[in-house]
Amino acid sequence: VLVWPYEGTNSVAITGGDLKRLEEGEFLNDTLIEFGLKWELEQIRNRDPALCESIHMFNSFFYQKLSKKQKAKWVQAYN
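Residue numbers (this note's numbering): 363 to 441.
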């Protein structure tokens with residue numbers, strides 16, 4: 363249904379199923395939350411680029427992946 367931002371590798375794709383989760387009584391899913399966070403970050407970037415540079419946003423699955431026993435090699439270097 364929607365891909366935002368349209369350009370770049372950091373896009374979020376919203377499907378029809380995601381849109382149904384915007385109805386009253388439904389819960390938001392990870393895709394909608396990620397979309398909202400990226401949208402808000404873009405609004406901050408437009409208002410205050412310096413502030414935006416100090417904000418780091420991670421995908422909702424980042425911690426789950428980070429906490430797995432078999433961590434990526436790049437993470438092991440920082441433990």
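Backbone N, C-alpha and C fix where the C-beta goes; we use that ideal spot for every residue, glycine too.
Gln426 versus Leu384 - alpha carbon distance: 25 Å
DSSP-derived helix/strand/coil call for Ile376: strand
Spatial distance of Glu402 from Glu396 (CA atoms): Distance from the CA atom of Glu402 to the CA atom of Glu396, rounded to whole angstroms, is 10 Å.
Own chain, CB closer than 7 Å to Cys414, minus 5 neighbours either side, in chain order: Excluding residues within five positions, the ones whose Cβ falls inside 7 Å are Leu403, Ile406 and Arg407.
Opening and closing residue of the alpha helix (DSSP H) in which Leu364 lies: Element bounds for Leu364: not the alpha helix (DSSP H) but the beta strand (DSSP E), Leu364 to Trp366.
Straight-line Cα distance separating Ser416 from Lys430: Distance between the alpha carbons of Lys430 and Ser416: 27 Å.
Inter-residue spacing [alpha-carbon to alpha-carbon] between Pro367 and Ile376: 11 Å
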